[in-house]
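Notes for the one structure printed next.
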Amino acid sequence: MKNVVILISGRGSNMEALIRARDAGELPITIAAVISNRPDAAGLETAAKAGIVTHFVDHKGFPDRAAFDAALAECIDEFAPDLVILAGFMRILSDGFVRHYAGRLLNIHPSLLPAFPGLHTHRRALEEGVRIHGCTVHFVTPTLDHGPVVVQAAVPVLDSDDEASLAARVLAQEHRIYPLAVRWFAEGRLALEGGRVRLAAEADGGGALISPGVG
Ligand code: GRF
Numbered sequence: 002m003k004n005v006v007i008l009i010s011g012r013g014s015n016m017e018a019l020i021r022a023r024d025a026g027e028l029p030i031t032i033a034a035v036i037s038n039r040p041d042a043a044g045l046e047t048a049a050k051a052g053i054v055t056h057f058v059d060h061k062g063f064p065d066r067a068a069f070d071a072a073l074a075e076c077i078d079e080f081a082p083d084l085v086i087l088a089g090f091m092r093i094l095s096d097g098f099v100r101h102y103a104g105r106l107l108n109i110h111p112s113l114l115p116a117f118p119g120l121h122t123h124r125r126a127l128e129e130g131v132r133i134h135g136c137t138v139h140f141v142t143p144t145l146d147h148g149p150v151v152v153q154a155a156v157p158v159l160d161s162d163d164e165a166s167l168a169a170r171v172l173a174q175e176h177r178i179y180p181l182a183v184r185w186f187a188e189g190r191l192a193l194e195g196g197r198v199r200l201a202a203e204a205d206g207g208g209a210l211i212s213p214g215v216g
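Numbering-wise, our numbering comes out as the position in the sequence shown, counting from 1, plus 1.
Here it is, written out as structure tokens:
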């Protein structure tokens with residue numbers, strides 16, 4: 002069992018997808034805690050209802066990013082996590098924080114990275130007229146929305162789409178690929194090689210390596 006801590010800032014639907022997968026017996030993880038930087042994050046209540054320990058570390062209470070990140074890391078490390086999962090955590094993290102969790106910090110981003118890092122990804126995808134959009138789970142590096150890709154899912158962009166319909170189509174895929182990526186991590190099947198992620202075959206696969214992809 003891998004010990005994980007989930008960081009959220011808002012509604013926490015990706016966190017819920019992970020809780021559902023755990024409850025379905027698909028994820029060999031213990032969710033040690035859910036931590037938010039916003040005391041009013043709706044996801045905190047959802048997590049508490051699921052019997053998970055919750056905390057908040059309010060970024061507004063700190064003079065600068067370094068002080069907030071240090072307090073956040075202290076809170077996280079009380080749970081000794083094997084993996085820290087950013088699930089809609091809307092704070093830029095300092096280099097020191099990211100280095101501290103190197104190789105055990107995952108993020109989900111609502112675009113096919115490296116396209117559209119940052120905010121308003123669905124609006125920007127529509128403005129650019131791309132025909133394919135999607136989402137990415139990646140290991141976190143100090144560069145915003147950047148890092149070795151674990152898995153991506155693509156969706157079509159339809160002529161009839163607006164920001165909301167496109168966001169909903171992508172979100173459904175987020176809820177599919179984040180539990181998948183976390184399962185691979187928890188099974189010890191992800192290896193970082195030269196800035197790329199290799200996915201080891203399942204236990205009886207003789208250790209062969211295959212490329213991660215969307216099934
Ligand atoms: C998701 O679209 C995620 O990719 C992005 O923020 C959103 C969070 O949604 N990083 P939720 O809080 O998981 O519902």
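Don't be surprised by glycine CBs; every beta carbon is placed ideally from N, CA and C.
For residue 140 and residue 28, the gap between their C-alpha atoms comes out near 18 Å.
Judged by DSSP secondary structure, residue 123 falls within the alpha helix (DSSP H) whose first and last residues are 122-129. Within the same chain, and ignoring the five residues on either side of residue 120 in sequence, no residue has its Cβ closer than 7 Å to its Cβ. Contact between residue 51 and residue 107 is ruled out by a C-beta separation of about 20 Å, above the 8 Å threshold. In the DSSP assignment, residue 158 falls outside any alpha helix (DSSP H), carrying neither H nor E. Residues 4 of the same chain have their beta carbon placed closer than 7 Å to that of residue 81, with the five preceding and five following residues left out of the count. For ligand 1, no non-hydrogen atom lies closer than 6 Å to the CB of residue 95.
Residue 72 and residue 45 have their C-alpha atoms roughly 18 Å apart.
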